[in-house]
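So the sequence shown is residues 1 to 300, counted in UniProt numbering.
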Amino acid sequence: MNKKISILGAPITIAQPNGGVDLGPDAIRHTGLVKRLESLNLTIRDYGNIPVPNNGTDKINPETNLKNLEKVALGNEMIAEKVKEVSESGDFPLILGGDHSIAIGSIAGLHDQFKDLGVIWYDAHADLNSGDTSPSGNIHGMSLGVNIGFGNERLTSIRGKQPKLKPENIVIMGARSIDDGEKELIGERGIKVFTVHDIQQKGIEKVMVEAINYLKDRVDGIHLSLDVDGIDPAHTPGTGTPVEGGPSYRETHYAMSLLHDSNLLTSADVVEVNPLLDEGNKTAEVARDMIAAFLGEKYK
Numbered sequence: 001m002n003k004k005i006s007i008l009g010a011p012i013t014i015a016q017p018n019g020g021v022d023l024g025p026d027a028i029r030h031t032g033l034v035k036r037l038e039s040l041n042l043t044i045r046d047y048g049n050i051p052v053p054n055n056g057t058d059k060i061n062p063e064t065n066l067k068n069l070e071k072v073a074l075g076n077e078m079i080a081e082k083v084k085e086v087s088e089s090g091d092f093p094l095i096l097g098g099d100h101s102i103a104i105g106s107i108a109g110l111h112d113q114f115k116d117l118g119v120i121w122y123d124a125h126a127d128l129n130s131g132d133t134s135p136s137g138n139i140h141g142m143s144l145g146v147n148i149g150f151g152n153e154r155l156t157s158i159r160g161k162q163p164k165l166k167p168e169n170i171v172i173m174g175a176r177s178i179d180d181g182e183k184e185l186i187g188e189r190g191i192k193v194f195t196v197h198d199i200q201q202k203g204i205e206k207v208m209v210e211a212i213n214y215l216k217d218r219v220d221g222i223h224l225s226l227d228v229d230g231i232d233p234a235h236t237p238g239t240g241t242p243v244e245g246g247p248s249y250r251e252t253h254y255a256m257s258l259l260h261d262s263n264l265l266t267s268a269d270v271v272e273v274n275p276l277l278d279e280g281n282k283t284a285e286v287a288r289d290m291i292a293a294f295l296g297e298k299y300k
């Protein structure tokens, strides 16, 4: 496991409708994240927040069925450039969102270093919509689709037009709110999905081990994209699109620990912490705990 961790704040908020998710990176930092990680004998560099544009509108462009396309694209170009720089330096990029659109930039920035990048998408949602299928026009629900080359060219062409991910290199975990268009794409592209029912039936250990074994021989690194709404909202109230019935805090913590132990994790983003919707920064504290787990902390 890489012992050099570079933290990047990516506070995009205009790819979803709730104000406050731009405060997520600093809310997570405020929990004592750096000291917690330094206690694991990790070297931490915090580059602060990338100055992404965030003055958007809630109006859908009728031509694209997207909100704030150009500014979301510009923000993700900035994220991609910084992630590329960190990755090429040899550090582990840890990107703190912001909404889940930031994964467009995170993964695009890794593309030069990892030609067969694997992704574990830990989320209540599949985020495989496009302007053609989205019921809302919110780009945070399209980020995984963009990375497989599905969607508006302004987004799919960030750092090159080729898809950044192969569908067979993706595992979605914890999904329990998947739109019809997303289900169709999952079937067409053969994307591996473990729903919350799979986790309940098999147990979190078996599901995570199965996910790791599925990816390990086909990828040259694994990026974790952890949306806090992937966890049951009883533990993560401070997020904009909560879905009841997700994996618990302990299940998720164990899954993150197993992912660390695989020695395959090469980068991560943690997204959708919204302190304006939270209860005493509880969700940011959960995010901190999960980061510590996938970077090596064990329960005492």
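Where a beta carbon is used, it is the ideal one built from N, C-alpha and C, also for glycine.
For a test of the three-state rule: what should DSSP assign to residue i, helix, strand or coil?
i    : result
M173 : strand
A124 : coil
V52  : coil
V196 : helix
V286 : helix
N281 : coil
D180 : helix
L42  : coil
K202 : helix
K4   : strand
G240 : coil
N61  : strand
G246 : coil
In terms of residue numbering, what span does the alpha helix (DSSP H) encompassing residue i cover?
i    : result
G105 : I102 to L110
D26  : G24 to R29
S89  : L69 to S89
Y299 : No alpha helix (DSSP H) contains Y299, which DSSP labels as neither H nor E.
R36  : L33 to E38
S134 : Unbroken run through S134: none, as it is neither H nor E.
Hey, could you find the ends of the beta strand (DSSP E) residue i is sitting in?
i    : result
G221 : G221 to D227
I95  : F92 to G97
V271 : L265 to V271
Bridge partners of residue i, per DSSP?
i           : result
V21         : Beta-bridge pairing links V21 to no other residue.
A10         : G97
residue 301 : The question about residue 301 has no answer here: the residues shown for the chain are numbered 1 through 300.
L258        : The partner list for L258 (beta bridge, DSSP) is empty, contrary to what the question assumes.
L66         : N61
Do the stretch 246-256 and the stretch 70-87 make contact, defined as three or more Cβ pairs closer than 8 Å?
no
Using 8 Å as the Cβ pair cut-off and three pairs as the minimum, do the stretch 14-26 and the stretch 54-70 touch?
yes
Tell me, please, whether the stretch 232-242 touches the stretch 103-116 by the rule of three or more beta-carbon pairs shorter than 8 Å.
no
Say whether the stretch 273-290 touches the stretch 19-28, bearing in mind that this needs 3 or more beta-carbon pairs closer than 8 Å, one atom from each stretch.
yes
Taking three-plus beta-carbon pairs below 8 Å as touching, is the stretch 91-111 in contact with the stretch 204-214?
no
With a cut-off of 8 Å, do at least 3 Cβ pairs link the stretch 197-205 to the stretch 216-236?
no
Could you tell me which whole beta strand (DSSP E) segments of length 3 or greater appear in the stretch 141-167?
none
Spell out a yes or no on whether the stretch 282-296 and the stretch 31-44 are touching, meaning 3 or more CB-CB pairs, one atom from each, closer than 8 Å.
yes
Any 3 or more C-beta pairs closer than 8 Å across the stretch 182-192 and the stretch 128-139:
yes
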